Amino acid sequence: MTEVAGALPDTSAAEDAPVPDVLRIATYNIHKGVQGLGPLSRLEIGNLGLAIEQLDADIICLQEVRKQNLWGQARFRDWPQLPQAQYLAPEGYEAVYYTNAVTRHGEHGNALLTRWPVLRSQQRDISDHRLEQRGILHAEVNVAGRSVHVLVVHLGLIHISRLRQVAMIREFVREEIPPDAAVIVAGDFNDWGDQTGMLLRETGFTEYDGHRAFTYPSRLPVVQLDRIFVRRLVPRSVFVPRGRIWWRMSDHLPLVADFSFAAP
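Note that my numbering has the sequence shown beginning at 76, numbered continuously upward.
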């Protein structure tokens with residue numbers, strides 16, 4: 076586990092800001108910014124940047140984000156010079172990125188974009204076997220003087236691995252986060268059922284349950300692989316952007332949910 080070191084962030088503006096009535100959270104698997112295979116592949120990172128800005132979310136949790144990739148740089152003339160997390164961050168947002176997987180051509184992992192200041196961040200390895208490298212990106216964010224802990228996750232493809240990874244998430248929350256703090260666990264759960272959700276609900280987490288918000292596959296979504304669970308926040312609504320513009324950018328659709336702070 077590593078933690079970002081350096082000067083303490085200036086949080087004076089956040090401390091003086093009024094507590095927002097609504098905290099909008101989004102999670103989005105961006106498929107490394109590329110859609111299609113081989114010579115038919117196309118770069119979508121520019122469109123993703125515009126789309127993410129339109130979500131107008133306070134906190135955006137991203138999966139399959141590339142820091143660098145030699146193949147992409149060689150294949151696409153418009154490949155961004157910045158790492159994808161920084162490139163995708165709307166103006167005024169802070170970007171946090173940690174690598175999960177190192178590949179032949181580069182690396183990719185989870186990212187967090189936030190319009191509120193990040194107090195600290197760290198990475199916890201939750202890889203269950205050597206064929207899949209997975210991690211928790213944890214950031215403590217100052218939302219109008221209130222501490223909100225955000226965990227960005229991308230769980231494994233194998234059922235038993237996901238269950239063990241949720242157990243590690245629960246352990247991490249118990250060890251690293253005060254019991255009275257607001258917590259968000261968001262990302263691609265890769266779960267076509269609800270067993271991972273049941274395990275989180277056992278420890279006090281909730282999600283918006285008015286209706287299921289299908290996010291995968293993006294062209295004709297039939298399952299909700301992407302989830303946002305919270306503790307000490309109150310779910311208010313959830314929506315999934317639909318349409319050709321959205322399904323062309325990734326194999327997932329973004330999940331966007333609004334929350335309010337629980338009463339002290």
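Beta carbons: idealized from backbone N, C-alpha and C, even for Gly. The structure displayed is predicted, hence computed values, not measured ones.
Bridge partners - residue i, DSSP secondary structure assignment
{"i": "Pro310", "result": "Phe334"}
{"i": "Ser293", "result": "Ser293 pairs with nothing; no bridge assigned."}
{"i": "Val315", "result": "DSSP lists no partner for Val315."}
{"i": "Ser196", "result": "Ala214"}
{"i": "Tyr162", "result": "According to DSSP, which records beta bridges pairwise, Tyr162 is partnered with nothing at all."}
{"i": "Phe304", "result": "Val260"}
{"i": "Tyr168", "result": "Answer by DSSP bridge pairing: none, since Tyr168 is not bridged."}
{"i": "Ile134", "result": "Ile100 and Thr189"}
Local conformation of residue i per DSSP, three classes
{"i": "His204", "result": "strand"}
{"i": "Val227", "result": "strand"}
{"i": "Gly268", "result": "coil"}
{"i": "Phe280", "result": "coil"}
{"i": "Phe247", "result": "helix"}
{"i": "Asp263", "result": "strand"}
{"i": "His180", "result": "coil"}
{"i": "Ala288", "result": "coil"}
{"i": "Arg141", "result": "strand"}
{"i": "Gln129", "result": "helix"}
Given residue i as reference, the closest of the options once Cα atoms are compared
{"i": "Asp326", "options": "Val218, Leu188, Ala164 and Val297", "result": "Val297"}
{"i": "Tyr291", "options": "Arg306, Glu282, Ser116 and Gly268", "result": "Gly268"}
{"i": "Trp146", "options": "Gly184, Ala160, Leu123 and Lys107", "result": "Lys107"}
{"i": "Val227", "options": "Arg205, Leu238, Val258 and Arg190", "result": "Val258"}
{"i": "Asp203", "options": "Tyr172, Arg237 and His213", "result": "Arg237"}
{"i": "Arg317", "options": "Arg302, Val305, Pro310 and Ser293", "result": "Ser293"}
{"i": "Val309", "options": "Gln299, Arg99 and Ala88", "result": "Arg99"}
{"i": "Ala343", "options": "Leu230, Arg190, Ala214 and Asp266", "result": "Coverage of the chain is limited to positions 76 through 339, which leaves residue 343 absent and any answer about it impossible."}
{"i": "Gln197", "options": "Arg190, Leu206 and Ile211", "result": "Ile211"}
Assigned exposure category for residue i - 16 Cβ within 10 Å defines buried
{"i": "Asp333", "result": "buried"}
{"i": "Glu119", "result": "buried"}
{"i": "Phe314", "result": "exposed"}
{"i": "Val218", "result": "buried"}
{"i": "Glu90", "result": "exposed"}
{"i": "Arg353", "result": "The first residue shown for the chain is 76 and the last is 339, placing residue 353 beyond what the model contains."}
{"i": "Val97", "result": "exposed"}
Nearest-angstrom beta carbon gap, residue j and residue i [assumed within contact, 8 Å]
{"i": "Val241", "j": "Phe304", "result": "Incorrect: roughly 10 Å between the Cβ atoms, too far for contact."}
{"i": "Asp133", "j": "Thr189", "result": "7 Å"}
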